[in-house]
Amino acid sequence: MAKLYFYYSAMNAGKSTTLLQSAYNYEERGMRTLLFTPRIDDRSGVGRIASRIGLERAAIPFCPDDDLYVRIRDEHAGDTVHCVLIDEAQFLEPAQVLQLTLVCDRLNIPVLCYGLRTDFRGEPFRGSSYLLAWAEELIEIKTVCASGKKATMNARVGADGKRVTEGAQVEIGHNYVSMSRKHFDLLSASPIEYTPPD
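Numbering of the sequence shown is given in the numbering used here, commencing with residue 894 and proceeding in unit increments.
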């Protein structure tokens, strides 16, 4: 039975590198893969997955209203698909995560999703929330904070090098720094209001 996998981490942990390596491993054994990346992520060009270490390749760009189940089903009908890999999976819509469960359950194709759990204010991405709820396999790709602790959070940094805690959840092109939760300081970044008693 095929499974839905969610590989998650903070920024700069090597998610795209791991995705590209997984695709290579399938293809080296003669198996066909489909790679998807959100159209909104145009940092390396629309429909390109690129890693910080220089690996990159073409992928199918998807938009929020695309039906991924239908797209993959139609591709599979024409030529067998052995694995689907999704980069920047936090940008999936909840309906698309549901569609990916059907790719596993009805088409028996494993789906490997790679993405962030939370944004620059510590808020969960909608796609990630459903991946965390519905994936059979949750795999953390670890990275480290400048403090030396395990990094689990993503701080947004403006052009002036200062931390940003206001703005839209999705803004492509900003710089991000991976931090431990303690160093991130949720109390100052989160929109959840709470004042600890003295």
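Quick reminder that beta carbons are idealized off the backbone N, C-alpha and C, glycines included.
- One thing to note: Tyr898 has its Cβ no nearer than 8 Å to the Cβ of Ile1034.
- In the DSSP assignment, Asn918 falls within the unbroken alpha helix (DSSP H) covering Lys908 to Glu921.
- One thing to note: Pro954 has its Cβ within 8 Å of the Cβ of Val939.
- In this structure, Glu981 places its C-beta atom within 8 Å of the C-beta atom of Thr930.
- A distance of 8 Å or more separates the beta carbons of Gln992 and Ser1021.
- Within the same chain, Gln989 come within 8 Å of Asp959 by CB-CB distance, once the 5 residues on both sides are set aside.
- Restricting attention to Ala952, Ala1061 and Ala1052, the CA atom closest to the CA of Phe1013 is found in Ala1061.
- In the structure shown, Gly1008 adopts extended strand secondary structure according to DSSP, grouped into three states.
- The Cβ neighbour count for Val1063, taken over all protein chains shown within 10 Å, is under 16; the residue is labelled exposed.
- The alpha carbon of Arg1074 has as its nearest neighbour, out of Arg1019, Leu995 and Ala1039, the alpha carbon of Ala1039.
- Just measuring C-alpha positions, the residue of Glu949, Val1070, Arg966 and Met904 sitting nearest Asn1001 is Arg966.
- Around the beta carbon of Tyr917, fewer than 16 other beta carbons sit within 10 angstroms, so the residue counts as exposed.
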